[in-house]
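Below is one structure, written out as C-alpha cells; the observations come after it.
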Amino acid sequence: MTTRAFGLPILVLSGLNLMVILDGTIVILALPRLQEQMGLSSGGSAWTVTAYGLTFAGLMLLGGRLGDLFGRKRVLVIGVVIFTLASLACGLAQDEVMLIVSRAVQGLGGAIAAPSAMALVVSTYAPGPVRNQAIAIFGSMQAIGSVGGLVIGGALTQLDWRLVFLINVPIGVLIVVGALFVLRDTTHHRLALDVPGSVLGTAACVAVVFGATEGPALGWDSPVILGSLLGGVLLLVAFVLVERTAENPVLPLSLFRDRDRAATFLALLLGSGVLAGMTYFVAQFLQNVIGYSPLVAGLASIPFTLGAGVGTAVASKAAMAVRPRWLLLISAIVLAAAGVYGATLDGGVEYAPTLLILLLGAGFGVGLVIVVAPLCLLVGVPTTEVGPLTAIGQMIFNLGTPLAIGVLSPIAASRTLSLGGRTGRAANMTDAQISALSSGYTLVLLVCGIGAALVGLIALTLRYTPQQLAQAQHAQEEAQQAGP
Numbered sequence: 001m002t003t004r005a006f007g008l009p010i011l012v013l014s015g016l017n018l019m020v021i022l023d024g025t026i027v028i029l030a031l032p033r034l035q036e037q038m039g040l041s042s043g044g045s046a047w048t049v050t051a052y053g054l055t056f057a058g059l060m061l062l063g064g065r066l067g068d069l070f071g072r073k074r075v076l077v078i079g080v081v082i083f084t085l086a087s088l089a090c091g092l093a094q095d096e097v098m099l100i101v102s103r104a105v106q107g108l109g110g111a112i113a114a115p116s117a118m119a120l121v122v123s124t125y126a127p128g129p130v131r132n133q134a135i136a137i138f139g140s141m142q143a144i145g146s147v148g149g150l151v152i153g154g155a156l157t158q159l160d161w162r163l164v165f166l167i168n169v170p171i172g173v174l175i176v177v178g179a180l181f182v183l184r185d186t187t188h189h190r191l192a193l194d195v196p197g198s199v200l201g202t203a204a205c206v207a208v209v210f211g212a213t214e215g216p217a218l219g220w221d222s223p224v225i226l227g228s229l230l231g232g233v234l235l236l237v238a239f240v241l242v243e244r245t246a247e248n249p250v251l252p253l254s255l256f257r258d259r260d261r262a263a264t265f266l267a268l269l270l271g272s273g274v275l276a277g278m279t280y281f282v283a284q285f286l287q288n289v290i291g292y293s294p295l296v297a298g299l300a301s302i303p304f305t306l307g308a309g310v311g312t313a314v315a316s317k318a319a320m321a322v323r324p325r326w327l328l329l330i331s332a333i334v335l336a337a338a339g340v341y342g343a344t345l346d347g348g349v350e351y352a353p354t355l356l357i358l359l360l361g362a363g364f365g366v367g368l369v370i371v372v373a374p375l376c377l378l379v380g381v382p383t384t385e386v387g388p389l390t391a392i393g394q395m396i397f398n399l400g401t402p403l404a405i406g407v408l409s410p411i412a413a414s415r416t417l418s419l420g421g422r423t424g425r426a427a428n429m430t431d432a433q434i435s436a437l438s439s440g441y442t443l444v445l446l447v448c449g450i451g452a453a454l455v456g457l458i459a460l461t462l463r464y465t466p467q468q469l470a471q472a473q474h475a476q477e478e479a480q481q482a483g484p
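First residue of the sequence shown: 1, per this note's numbering; consecutive thereafter.
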C-alpha cells in the first residue's frame, strides 16, 4: 500500500472523479450555443443533460459490481476508454441525435469507472492519516465538480461549445495511461450481477422522462407519450418484482423498511432535483433572458459555489449538536424562499443584489443538505454495510438531476407556449417571446420552491439525534479504514 497521500495514484483517481462529476453540469451553459449553432430543440436541450444523468446514475451500482467481479483497475480503464471515446463523439456531433446518444454512452462509461475509483483509493493507501487524506482529496472533487461545472463550462463555451466535450479527450488519455502504470489491481470476487434490475430500473426512468420531456411537442394525448408513461410505470413494477427475488439486488428493498431511512432517501432525491432544476433554469435565464455571455453567466454562478461552501462548513459542525430535522428544515426554507424569489424575476433584473442573494442563498441551502442527508442514511448501519449504502445514496442523489430536468422542462415549455412564445433559439425572438420564455423559467423556479418545501415537511418526520449522526460518522470513518 502507498504511504504518501500525494502522488500519481491520487492524481489519477481524483482526476477521474472530477471528470465524471463535472460532465453532469459543465454542458448546461453550452445549451444556448447548441440551440443557436446546431438547432437543438428545447427537448433536445433537456435530453443532453438527462441522457448522461440517467445512464450514469442508473448503472452506477452495476458498475461497482463489475469492478468486484473482474478487477477494479481493469474495469476503471475500460470505463474511462468508453467515456473518452464518447466525449470525442459528443465534440464531433453534427446533429441532436448523435449528441444525445453520445451523452448516454458517456454516462455509461462514467458509471463503469467511477465506483472502482473510490474502491481503488481505499485499497491503494495504507489505513490511517494517509488514507484519510487521500479520501478527502478524492471526495473534494465531487464538490468541485458539482458546483464548479457552470464556471468551467461557461469559460469553455465562450471559446467553442465543442471544447466542453473535447477537453475530456486528453484528460481521459492521461488517466488511462496513469491507471495502467501507477494503479494496482484488486482481487476478484464472485458475485451475482443484477443485470435485469439495473436495466429495468434505468429503462423505467428513461421511459418516464421521455414521456414527460416530449409531451409538450407531441401532445399529452399522443399514443407515443401515453405509451411511454404507461411503459415506464410497468417497467418500474417489473423492477420492484425483480429486486424482491434477486440474489444480490442492485437496490435492496429492505432499505426502505426503516421509516426514517426511506424518508431520507426521498428527501435526498427531491433535494437533488431542486438543486438541478435551479441550476439548469437559472443558467438558461442568465443567457436567454438577460443576455449574458457563457463566460459571464459562468462567473455569475460563483456566489452559488461560495454559498455551498459556507453551507457545508456550517453543517459539518452543526450536525454534531443540532437535530438533523432542524438543519434540513432550515435548508428547505432557504431553498423554498429562493424558488419563490426566483419566480418574481424578469429580464430587467439587476445582478446585485437580486441575483446575488438568490445564488448565495440557494448555494447555502444545498450545502446543508449534501452534508446532513448522507449521514442520516448511515444511522444504525454496521460498518460492513456503510459502503453499499453510501453508493445507493449517491445513486439516488445523481438520479435526481435527470428526473427533475425531465419533468421540469415540459412545465417551462408548456408555460412559454401558452403565452404565445416559442422554445429553442432565443437569438431571433421578439421581446414578447423572450418575456414568455422568461415566464416559463420562473414558473419552474416556483415549482422548485414547492419541491424544497416538501423536503422541509419530510425533514420534520425524521427522528435522528446528533448523537446518532456522530455514530454514523464514526462508522463511516471505520469503514474507510477497513478497506474493500
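Where a beta carbon is used, it is the ideal one built from N, C-alpha and C, also for glycine.
*CA-to-CA distance, Gly148 to Ile458, given in whole angstroms*: To locate residue 458, count along the sequence shown from 1; it is residue 458. To locate residue 148, count along the sequence shown from 1; it is residue 148. Near 29 angstroms, if we compare the C-alpha coordinates of Gly148 and Ile458.
_Comparing C-alpha positions only, which one of Ser435, Ala276, Ala319 and Ala321 sits nearest to Phe304?_
Here the question's residue 304 lines up with position 304 in the sequence shown. When each option's Cα is compared against that of Phe304, the closest is Ala276.
*So, are the CB atoms of Gln106 and Pro294 less than 8 angstroms apart?*
Here residue 106 refers to the residue found at position 106 when the sequence shown is read from its first residue. Here residue 294 refers to the residue found at position 294 when the sequence shown is read from its first residue. No.
*asked:* Within 10 Å of its beta-carbon, does Ile450 have 16 or more other beta-carbons around it, so buried, or fewer, so exposed?
replied: As a first step, residue 450 must be located in the sequence shown, where it is residue number 450. The residue is exposed, with fewer than 16 neighbouring Cβ atoms inside 10 Å.
_Measuring only the C-alpha atoms, how far is Pro410 from Gly43?_
The count along the sequence shown starts at 1 and reaches residue 410 at position 410. The count along the sequence shown starts at 1 and reaches residue 43 at position 43. Approximately 8 angstroms between the Cα atoms of the pair.
*asked:* In whole angstroms, give me the CA-to-CA distance for Thr124 and Pro374.
replied: Position 124 of the sequence shown, counted from the start, is the residue given in the question as residue 124. Position 374 of the sequence shown, counted from the start, is the residue given in the question as residue 374. Here the C-alpha atom of Thr124 lies approximately 25 angstroms from the C-alpha atom of Pro374.
*Examine the Cβ distances between the segment 220-237 and the segment 170-177 and report whether three or more of them are shorter than 8 angstroms.*
no
*Excluding five sequence neighbours on each side, which residues of the same chain lie with their C-beta closer than 8 angstroms to the C-beta of Val447?*
Working through the sequence shown from its first residue, we reach residue 447 at position 447. Same-chain partners within the cutoff: Gly277, Gly339, Leu408 and Ile411.
*Nearest-angstrom Cα separation, counted from Gln142 out to Val75*: The residue given as residue 75 occupies position 75 in the sequence shown. The residue given as residue 142 occupies position 142 in the sequence shown. If you take the alpha carbons of Val75 and Gln142, they lie about 20 angstroms apart.
_Check for me: the alpha helix (DSSP H) holding Gln35 runs from which residue to which?_
If you number the sequence shown from 1, residue 35 lands on position 35. From DSSP, the alpha helix (DSSP H) with Gln35 extends over Leu31 to Gln37.
*Determine, using beta carbons only, whether Ala332 comes closer than 8 angstroms to chain C.*
Looking at the structure shown, chain C is missing, and only one protein chain is on hand.
_C-beta contact flag for Ala134 and Val121 at 8 angstroms_ = Locating residue 134 in the sequence shown gives position 134, counting from the first residue. Locating residue 121 in the sequence shown gives position 121, counting from the first residue. For Ala134 and Val121, yes; Cβs fall inside 8 angstroms.
_When Gly145, Gly91 and Gly197 are compared against Pro249, the one with the closest alpha-carbon_ = Here residue 249 refers to the residue found at position 249 when the sequence shown is read from its first residue. Taking Pro249 as reference, the option from Gly145, Gly91 and Gly197 with the minimal CA-CA separation is Gly197.
*Since Arg184 contacts Lys73 with CB under 8 angstroms, what's their CB separation in whole angstroms?*
For the purposes of this step, residue 184 is taken as the residue at position 184 of the sequence shown. For the purposes of this step, residue 73 is taken as the residue at position 73 of the sequence shown. With 8 angstroms as the limit, Arg184 and Lys73 qualify as a contact, their Cβ atoms being about 7 angstroms apart.
*Span of the alpha helix (DSSP H), counted from its first residue to its last, around Asn288*: Position 288 of the sequence shown, counted from the first residue, corresponds to residue 288. Careful: Asn288 lies outside any alpha helix (DSSP H) and carries neither H nor E.
*Cβ shell of Gly271 (< 6 angstroms), same chain only, five flanking positions each side left out*: One-based indexing of the sequence shown puts residue 271 at position 271. These residues qualify, in order along the chain: Val369 and Val455.
_Nearest by alpha-carbon distance to Gly298: which of Leu31, Leu8, Leu16 and Leu11 is it?_
Taking the first residue of the sequence shown as position 1, residue 298 is located at position 298. Of the listed residues, the one whose Cα sits closest to Gly298 is Leu31.
*Contacts around Ala343, its chain only, beta-carbon distance under 6 angstroms, and the 5 residues preceding and following it disregarded*: Position 343 of the sequence shown, counting from 1, holds the residue named residue 343. If we look at Ala343 and ignore the five residues flanking it on each side, its Cβ neighbours are Thr442, Leu445 and Leu446.
_Backbone secondary structure at Gln142 - three-state DSSP_ = Within the sequence shown, the letter at position 142 stands for residue 142. Gln142: helix per DSSP, three-state reduction.
_Where the alpha helix (DSSP H) through Leu16 begins and ends_ = Position 16 of the sequence shown, counted from the start, is the residue given in the question as residue 16. Leu16 -> alpha helix (DSSP H) spans Leu8 to Leu22.
*Close beta carbons around Thr48, own chain, < 8 angstroms, minus the five adjacent residues each side*: Here residue 48 refers to the residue found at position 48 of the sequence shown. Within the same chain, Thr48 has close Cβ partners Val27, Leu31, Leu34, Leu40, Leu99, Ile100 and Arg103.
*asked:* What would DSSP say about Gln94, mapped onto helix, strand or coil?
replied: As a first step, residue 94 must be located in the sequence shown, where it is residue number 94. Correct three-state label for Gln94: coil.
_Rounded C-alpha distance that separates Leu378 from Ala319_ = Along the sequence shown, read from residue 1 onward, the residue named residue 378 stands at position 378. Along the sequence shown, read from residue 1 onward, the residue named residue 319 stands at position 319. Roughly 14 angstroms between the two C-alpha positions.
*Among Gly400, Thr465, Ala321 and Val274, nearest to Gly53 - alpha-carbon criterion*: Numbered from its first residue, the sequence shown carries residue 53 at position 53. The residue with the shortest Cα to Cα distance from Gly53 is Gly400.
*Start-to-end residues for the alpha helix (DSSP H) that takes in Asp431*: Here residue 431 is taken as the residue at index 431 of the sequence shown, counted from 1. Its alpha helix (DSSP H) spans residues Asp431 to Ala459.
*Taking the alpha carbon of Ile10 as the point to measure from, which residue in Gly109, Met118 and Gly91 has its own alpha carbon closest?*
As a position in the sequence shown, residue 10 is number 10, starting the count at 1. Measuring from the Cα of Ile10, the nearest candidate turns out to be Met118.
*Assuming Ser87 contacts Phe210 (C-beta within less than 8 angstroms), just tell me the rounded distance between them.*
Against the sequence shown, residue 87 aligns to sequence position 87. Against the sequence shown, residue 210 aligns to sequence position 210. No, Ser87 and Phe210 are not in contact; Cβ-Cβ is about 24 angstroms, not under 8 angstroms.
*Give the secondary structure of Met320 by DSSP, where H, G and I count as helix, E and B as strand, and everything else as coil.*
As a first step, residue 320 is located in the sequence shown; it is residue number 320 there, counting from the start. Coil.
*For the alpha helix (DSSP H) that contains Arg415, what are its first and last residues?*
The residue you call residue 415 lines up with position 415 of the sequence shown. Taken as a continuous stretch (DSSP letters only), the alpha helix (DSSP H) holding Arg415 covers Thr383 to Ser418.
*Using the Cα positions of Leu59 and Trp161, report the straight-line distance between them to the nearest angstrom.*
In the sequence shown, the residue the question calls residue 59 occupies position 59. In the sequence shown, the residue the question calls residue 161 occupies position 161. The straight-line gap from Cα to Cα measures roughly 27 angstroms.
_With H, G and I counted as helix, E and B as strand and the rest as coil, what does DSSP make of Thr103?_
The residue labelled residue 103 in the question sits at position 103 within the sequence shown. In the sequence on display, residue 103 carries Arg and not Thr. In this structure, Arg103 counts as helix in the three-state DSSP scheme.
_Per-residue DSSP class, three states only, for Arg74_ = Numbered from its first residue, the sequence shown carries residue 74 at position 74. Reduced to three states, the DSSP call for Arg74 is helix.
*CB Val371 to CB Ala315, shorter than 8 angstroms?*
By one-based count along the sequence shown, residue 371 stands at place 371. By one-based count along the sequence shown, residue 315 stands at place 315. The answer is yes: Cβ separation under 8 angstroms.
*What separation, rounded to the nearest whole angstrom, lies between the Cα atoms of Leu113 and Tyr280?*
Numbered from its first residue, the sequence shown carries residue 113 at position 113. Numbered from its first residue, the sequence shown carries residue 280 at position 280. One detail in the question is off: residue 113 reads as Ala in this sequence, not Leu. Using only the alpha carbons, I get a separation of about 26 angstroms.
*asked:* For a quick check, are the C-beta atoms of Gly178 and Ala391 less than 8 angstroms apart?
replied: Residue numbering aside, residue 178 sits at position 178 when the sequence shown is read from its first letter. Residue numbering aside, residue 391 sits at position 391 when the sequence shown is read from its first letter. No; because the gap between Cβ atoms is not below 8 angstroms, this pair is not in contact.
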